[in-house]
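Written out below as structure tokens is the structure these notes cover.
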Amino acid sequence: RYTKRLLHIVKKGKWKNSIFFKNQMDHTEVLKNLLQSDLFVSTSIKESYGISVAEACSVGLPVVSLNTGDFSYWVKHNQNGYLIDQGNGYELENKILDVLTDLNLLNQLKAESKRLSTKMSIPTWEQSSSKFEQICRTFY
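Set out below in structure tokens:
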């Protein structure tokens, strides 16, 4: 429902030639699309890890997203983006507009996203599965 609302706002406003909504894409296209972007927005209401947010942060994009899954590992609210509580579509909309209409804010968020991303790493599948195995063993 958030995506539909945002689509409606963009189609009717001055942003229709500047904001693009991307669905699932081939992995070879991800980096190219991220490097052409100024802001990453996620309206996912359920996520486990949130690899798309990690990828966006890794190239220095600020993120405006619903607060779900492990997004808070990558997005530090008010530092490199904004995490919005689910059910608060108006705040999501306002934060997107704040970032897109304030070049200083956009640049500050980008710089912080890039800085923070150098301190974090995306775990490999082996690391993730090993950690999952450790967690499962605590239940036996």
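Residue 121 in the working numbering sits at position 119 of the sequence shown, and the numbers go up by one each step.
Quick reminder that beta carbons are idealized off the backbone N, C-alpha and C, glycines included.
CB contact check: residue i to chain C, cutoff 9 Å
{"i": "Gln26", "result": "Within the model displayed, chain C is absent; a lone protein chain is all it includes."}
Inter-residue spacing [alpha-carbon to alpha-carbon] between residue i and residue j
{"i": "Leu99", "j": "Val43", "result": "11 Å"}
{"i": "Ser115", "j": "Val77", "result": "8 Å"}
{"i": "Ile47", "j": "Leu33", "result": "23 Å"}
{"i": "Lys97", "j": "Ile11", "result": "14 Å"}
{"i": "Lys121", "j": "Glu49", "result": "23 Å"}
{"i": "Ile21", "j": "Cys59", "result": "18 Å"}
{"i": "Leu107", "j": "Asn80", "result": "10 Å"}
{"i": "Val89", "j": "Lys24", "result": "Sequence check: residue 89 is Gly here, not Val. For Gly89 and Lys24, the distance between alpha carbons rounds to 22 Å."}
{"i": "Ile137", "j": "Ser39", "result": "37 Å"}
{"i": "Glu93", "j": "Ile86", "result": "7 Å"}
{"i": "Val65", "j": "Glu128", "result": "27 Å"}
{"i": "Leu9", "j": "Phe134", "result": "37 Å"}
{"i": "Glu57", "j": "Leu36", "result": "8 Å"}
{"i": "Thr74", "j": "Thr140", "result": "Thr is not the amino acid found at residue 74; the sequence shown has Ser there. In a straight line, the C-alpha of Ser74 is about 25 Å away from that of Thr140."}
Beta-bridge partners of residue i, as assigned by DSSP
{"i": "Ile86", "result": "Leu68"}
{"i": "Phe42", "result": "Val65"}
{"i": "His79", "result": "Gly83"}
Residue i classed as buried or exposed, judged by whether at least 16 other C-beta atoms fall within 10 angstroms
{"i": "Lys112", "result": "buried"}
{"i": "Ser67", "result": "buried"}
{"i": "Gly62", "result": "buried"}
{"i": "Ser130", "result": "exposed"}
{"i": "Ser123", "result": "exposed"}
Beta-carbon separation (whole angstroms), residue i vs residue j, contact threshold 8 Å
{"i": "Arg7", "j": "Gly83", "result": "About 19 Å; that fails the 8 Å criterion."}
{"i": "Asp28", "j": "Gly52", "result": "With a Cβ gap of about 19 Å, Asp28 and Gly52 do not count as contacting."}
Under the three-state DSSP convention, the category residue i falls into
{"i": "Tyr1", "result": "Because the chain spans 3 through 142 in this model, residue 1 falls outside it and cannot be assessed."}
{"i": "Ser50", "result": "coil"}
{"i": "Ile137", "result": "helix"}
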